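Inspection log for the structure reproduced underneath, given as structure tokens.
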Amino acid sequence: MLDQKLIRENPTFVKENLSLRGKDYNISHIQELAVKKKEIDIEVSNLQYESKKLSKLIGQEINKSKNNNSLQLNNLKKKGNEYRIKISEFEEKQRIFDKEINNEILSLPNFPSKDAPIGKDESNNVQVKTWGEPLKEESLKSHWEIGESLNLFDFTKSTKISKSRFITLIGNGARLERALINFMLDMHIKNGYLELMPPALVNSESLTGSGQLPKFSNESFKCSNDDLWLSPTAEVPLTAFHRNEIIDKSQLPIKYVAYSPCFRREAGSYGRDTKGLIRLHQFNKVELYWFCDPRESLEAHQKITADAESILKKLNLPYRLVDICTGDLGFSSSRTFDLEVWLPSSKCYREISSCSNCLDFQARRSSIRTKIDKKNTYLHTLNGSGLAIGRTMAAILENGQQNDGSVKIPEALVPYFGSNYLKLA
RNA sequence: GGAGAGGUGGCUGAGUGGUCGAAAGCGAACGAUUCGAAAUCGUUUAAUAGGGAACUAUUCGUGGGUUCGAAUCCCACCCUCUCCGCCA
């Protein structure tokens, strides 16, 4: 959430910063509302002051005269009543304005960082570096072909259970998924992260706090009888874990790692990635999350990205690091580094982790602060996948495929998986 | 799901219509004392908005209502705890 005062007092600044995202944002409407609202606030405050003064006077008079029904008193009460009516009229207006302004401000995305490359869309993202040698042989099989031939998962049967874009992992497939989750968690814990296993269902307030609501209600599954949603990413419960808190500076940075299932409606992606493990309604993810001192979030962003990268390196998967351009940034993010893993069958890099610095955007929505020089200050939050499990599995299958149809398991994963090769059982 | 209890400041906890934003205690900060510390004494110590200060308003789970005046009364909702039932 952007600062309301900033919108009110410096709309040009806000508009310019937002327009870096390549879209026009209509700030003037919100700005007008905010200014009007402030006027109303002042008016209400003045009326309340008068009315409060009068009430006190009445109290004193009653104490003094012991007669609470004199003509003078009744006149005072009548005046008080007038105040009340007037105030309630203004308060009604206040409520309407508040609701509208809040809704609009909550729908504005974060400012892009000045360091982010300027651009309109994906095509303007900047490749920062690559790691490893991408396999470029022809006739390499896709992960879904490999997976089905090794009987690791079944898509058609899963359609029966739920619908398309759901998967059931079978035997070694399930085992590999588990191995990856444990491997990643252990790595990150060793790196100083505290593991959290949060609820998979989250309420509206939590989704608003991290930025999914009110604008993207379409992208999450909602439970019909409760104010609960299936969490689209552990980022949501992790942010909400500290909502409405003032965290002591000595505790920062707080670094969490959480495994969670993630649920996404993927509305509007019909026909895209219909095959394989790339785009599912439900997938597993190990998420990294930092709460940090606002003065340290730039470094933290480098670190969290490096922590996510370390997994890819350990698994020996070729990848590249991409600096996301202003037009392609997620709603809450000011700067994002994507890690993209090489998928030989499609001969391209695919996103496997997204590491974002949200600055105080989520902290303001969620009211998470720390004291700096005795002043309460919104802290900064960062998140990064470390990594998406399904996509990692896809990458392992494709990059580790052997001529005999088996798949070589990355060395670091062998203790977790229990075998060097993935073969037909 | 049934029955009951309860939600007050960083924490514990008092407060049932009038200087109550709220006693007391704990914790914390600062000062005195000390070579230093503990103990002791003193002072300070909620948040948000109004550009700092002064000052003002709001906030005692949330939203309404009654009243000149609500932490306190009324209504609705949410949450927590205990007991019973059911359940992995």
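Going by our numbering, the letters in the first sequence line up with residues 72 to 496, in that order. Don't be surprised by glycine CBs; every beta carbon is placed ideally from N, CA and C. It should be emphasised that the depicted structure is a prediction, and the values quoted were computed from it without experimental measurement.
Cβ shell of residue i (< 6 Å), same chain only, five flanking positions each side left out
i, result
"Phe254", "Leu484 and Tyr487"
"Thr463", "Leu251"
"Thr201", "Arg391"
"Leu414", "Arg421 and Glu469"
"His313", "Ile439"
"Glu160", "none"
"Asn88", "Phe182"
"Lys150", "none"
"Leu495", "Leu221"
"Ser213", "Ser416"
"Leu458", "Ile382, Ile423 and Ser424"
"Pro82", "Ile98 and Gln102"
"Ser403", "Asn181, Gly282, Cys429, Phe432 and Gln433"
Extent of the continuous beta strand (DSSP E) to which residue i belongs
i, result
"Asn330", "According to the sequence displayed, residue 330 carries Tyr and not Asn. Ile325 to Phe334 is the span of the beta strand (DSSP E), which, as asked, contains Tyr330."
"Thr407", "Arg406 to Leu414"
"Arg246", "Where Arg246 is concerned, there is no enclosing beta strand (DSSP E), although the alpha helix (DSSP H) it sits in stretches over Asn243 to Lys261."
"Phe362", "Gln353 to Cys363"
"Thr201", "Val197 to Trp202"
"Ile217", "Careful: Ile217 lies outside any beta strand (DSSP E), inside the alpha helix (DSSP H) at His214 to Ser220."
"Leu309", "Note, Leu309: premise wrong, no beta strand (DSSP E); alpha helix (DSSP H) at Glu306 to Phe312."
"Leu392", "Tyr390 to Asp394"
"Glu316", "Glu316 to Ile318"
Assumed close pair residue i, residue j - CB separation to whole angstroms, cut-off 8 Å
i, j, result
"Tyr497", "Tyr327", "The structure shown does not extend to residue 497, since the chain is modelled only from 72 to 496, so the question has no answer here."
"Phe358", "Ala434", "Looking at the sequence itself, residue 358 is Glu, so the reference to Phe does not match. Actually they are not in contact, since the Cβ atoms of Glu358 and Ala434 sit about 17 Å apart, beyond 8 Å."
"Ser405", "Phe182", "6 Å"
"Val106", "Ile98", "Going by Cβ atoms, the distance from Val106 to Ile98 rounds to 12 Å, so no, they are not a contact pair."
"Ser178", "Pro285", "6 Å"
"Ile189", "Thr397", "5 Å"
"Thr452", "Cys429", "5 Å"
"Ser288", "Val307", "Incorrect: roughly 13 Å between the Cβ atoms, too far for contact."
"Glu175", "Ile101", "5 Å"
"Phe237", "Ser291", "Contact flag wrong, Cβ pair sits at about 16 Å."
"Arg436", "Met72", "4 Å"
"Leu211", "Ser416", "5 Å"
"Glu132", "Leu144", "6 Å"
"Asp257", "Ser275", "Incorrect: roughly 34 Å between the Cβ atoms, too far for contact."
Contacts around residue i, its chain only, beta-carbon distance under 8 Å, and the 5 residues preceding and following it disregarded
i, result
"Pro324", "Trp361, Phe362, Cys363, Asp364, Glu367 and Ala371"
"Tyr154", "Leu118, Glu121, Ser122 and Leu125"
"Ile344", "Inspection of the sequence shows that residue 344 is occupied by Asp rather than by Ile. Excluding residues within five positions, the ones whose Cβ falls inside 8 Å are Arg350."
"Arg92", "Pro180, Pro183, Thr397, Gly398 and Leu400"
"Ser116", "none"
"Cys294", "Leu272, Trp300 and Leu301"
"Gln165", "Lys108, Ile111, Asp112 and Val115"
"Leu77", "Phe84 and Val85"
"Leu450", "Ile318, Leu323, Phe362, Cys363, Asp364, Pro365, Asp431, Ala434, Ile439, Arg440 and Thr441"
"Lys228", "Thr239"
"Asp74", "Arg435"
Contacts around residue i, its chain only, beta-carbon distance under 7 Å, and the 5 residues preceding and following it disregarded
i, result
"Leu104", "Phe168, Glu171 and Ile172"
"Gln473", "Lys479"
"Glu248", "Leu240, Asn355, Ile460 and Met464"
"Gln198", "Arg391 and Val393"
"Ser490", "Ile480"
"Tyr96", "Lys86, Leu89, Ser90 and Leu179"
"Lys191", "Gly93 and Gly398"
"Phe226", "Ile238"
Limits of the unbroken alpha helix (DSSP H) element including residue i
i, result
"Gly531", "Missing from the structure shown is residue 531; the chain here goes from 72 to 496 and no further."
"Ser368", "Ser368 to Lys385"
"Leu89", "Pro82 to Ser90"
"Tyr487", "Val485 to Phe488"
"Leu278", "Ser275 to Ser281"
"Leu267", "Unbroken run through Leu267 is the beta strand (DSSP E), Leu265 to Leu267; no alpha helix (DSSP H)."
"Ile232", "Phe226 to Ile232"
Counting Cβ pairs, one atom from each stretch, are 3 or more of them under 8 Å apart for the segment 192-210 and the segment 386-394?
-> yes
On the three-pair Cβ rule with 8 Å, is the segment 346-356 touching the segment 309-317?
-> no
Can we say the segment 214-232 touches the segment 243-252, given the rule of at least three CB pairs closer than 8 Å?
-> Taking a cut-off of 8 Å on C-beta distances, the segment 214-232 touches the segment 243-252, as three or more cross pairs fall below it.
Quick one: any contact between the segment 407-422 and the segment 442-449, if contact means 3 or more CB pairs under 8 Å?
-> no
Flag this pair as touching only if the segment 264-281 and the segment 229-236 have three or more C-beta atom pairs under 8 Å; answer yes or no.
-> Short answer: they don't touch.
Do the segment 258-267 and the segment 374-383 meet, that is, are 3 or more Cβ pairs less than 8 Å apart?
-> yes
Scan the segment 107-181 and note each continuous beta strand (DSSP E) run of 3 residues or more that stays entirely inside, going in chain order.
-> none
Identify every run of the beta strand (DSSP E) within the segment 409-457, keeping only runs that are complete inside it and at least 3 residues long; order them along the chain.
-> 419-428, 439-443 and 446-449
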